[in-house]
Amino acid sequence: MKIAISAVLILLYLTSLEILMSQPKIAYWEIILICVQFLCSSLAILHFLKPSKKITIKKGRVRLQKHIDQRKELIKEIRTQYKDKPKLKAVYGYPWWPWFK
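Position in the sequence shown counted from 1, then plus 3, gives you the numbering used here.
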């Protein structure tokens, strides 16, 4: 819906530009009206397109946070795997061997 409204506003923007270029003599009030139409359509386009941009940024942040959480879970799993292994010092009883330090 927002894209359709933006397309209509862009079409109005272009038609007013075409009117401005096609007529050799235009009164001052017509120029003022065309400038006002330019401003209104520009602001409307920005108004309708800006929220969709914010939504995509929010989705990207959520996806990044999800990825970070998955990485944290993987790190926790890896650390628990290494912590669960028995210590070689306790098994063999030779703590003075250099490779068991």
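Here a beta-carbon is modelled for each residue, glycine too, at the ideal position from N, C-alpha and C.
- If you ignore the 5 residues before and after Ala-47, its C-beta comes within less than 7 Å of the C-beta of Leu-12, all in its own chain and listed in chain order.
- Excluding sequence positions up to five before and after Leu-15, its CB lies within less than 8 Å of the CB of Gln-40 and Ser-44, all in the same chain and listed in chain order.
- For Lys-28, the three-state secondary structure derived from DSSP is coil.
- The alpha-carbon of Leu-36 is positioned some 10 Å away from that of Leu-42.
- The closest CA to that of Ala-7, considering only Trp-32, Ser-25, Phe-51 and Lys-69, is found on Phe-51.
- Straight through space, the alpha carbons of Ala-30 and Gln-68 are spaced by roughly 57 Å.
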